[in-house]
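**Student:**
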Amino acid sequence: MPLRNIFKNCTYYWGFAAWMAYYINHPLYTPPTYGAQQVKLAL
Numbered sequence: 017m018p019l020r021n022i023f024k025n026c027t028y029y030w031g032f033a034a035w036m037a038y039y040i041n042h043p044l045y046t047p048p049t050y051g052a053q054q055v056k057l058a059l
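Read in order, the letters of the sequence shown are residues 17 to 59 in the numbering used here.
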């Protein structure tokens, strides 16, 4: 893999992880309300 691709991939994945972490760890984050019901129904 060319060295340039490693930097592009790292930038992409680190950027995506930072974007997801912002929304997941945001103080006003509210989890989905019906997710637990779906898990219980599946079990």
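C-beta atoms are modelled at their ideal positions from N, C-alpha and C, and glycine is treated no differently.
Since we're looking at a predicted model, the values are computed, not measured.
Secondary structure at residue 41, three-state DSSP: helix, strand or coil?
**Tutor:** Taken through DSSP and simplified to helix, strand or coil, residue 41 comes out as coil.
**Student:** Suppose you measure from the CA of residue 43 to the CA of residue 53; what does that come to, to the nearest Å?
**Tutor:** 24 Å
**Student:** With H, G and I counted as helix, E and B as strand and the rest as coil, what does DSSP make of residue 27?
**Tutor:** helix
**Student:** Out of curiosity, what's the CA-to-CA distance linking residue 119 and residue 24?
**Tutor:** The structure shown does not extend to residue 119, since the chain is modelled only from 17 through 59, so no value can be given for it.
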